[in-house]
Every structure is written in structure tokens, then in C-alpha cells.
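*Asks:*
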């Protein structure tokens with residue numbers, strides 16, 4: 128795998144974990160940490176999928 132692929136994997140991991148922790152923190156403020164964590168995880172997965180799709184489109188346009 129090229130360096131760009133490793134970079135995208137790192138970015139996706141950080142997006143997922145970042146949104147999960149953010150959701151957990153917001154959930155703790157409102158007294159629902161589990162719900163906040165799950166919402167953050169869902170948003171993180173959606174955003175990381177979006178980043179992956181953009182990466183695929185960029186790679187196709189460059190080749």
C-alpha cells in the first residue's frame with residue numbers, strides 16, 4: 128500500500144475516535160453518555176466513509 132493509503136487509514140481512525148469521544152463528552156453533559164457515544168460513533172463512521180469516497184474519486188481522477 129502506498130503512503131497515501133496509510134494516511135487515509137490514520138485519518139479515518141482519528142475521525143472515528145474523535146467523534147466518539149466528542150459524543151461521549153456531550154452525552155456526559157446531558158446525562159446520557161452511552162447515547163452520546165453511539166451518536167458520536169455513528170457520525171464518525173459517516174464522516175470517515177465520506178473521506179474514503181473522496182479519496183477514491185481523487186485517485187480515479189489522477190490516474
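Numbering (the working numbering), first residue to last: 128 to 190.
Even glycine gets a Cβ: it sits at the ideal position worked out from N, Cα and C.
1) So, under 8 angstroms CB-CB, residue 146 and residue 163 are touching, yes? Tell me the CB distance rounded to an integer number of Å.
2) Output yes or no for whether 8 angstroms exceeds the beta carbon distance between residue 175 and residue 143.
3) So the candidates are 171, 181, 183; which of them puts its Cα closest to the Cα of residue 140?
4) Would you identify the three-state DSSP class for residue 176, choosing helix, strand or coil?
5) Determine, using beta carbons only, whether residue 135 and residue 182 come nearer to each other than 8 angstroms.
6) For the segment 131–180, list the beta strand (DSSP E) runs that are entirely contained and at least 3 residues long, ordered along the chain.
*Replies:* To lay it out plainly:
1) Not confirmed; about 10 angstroms, so no contact.
2) yes
3) 171
4) helix
5) yes
6) none
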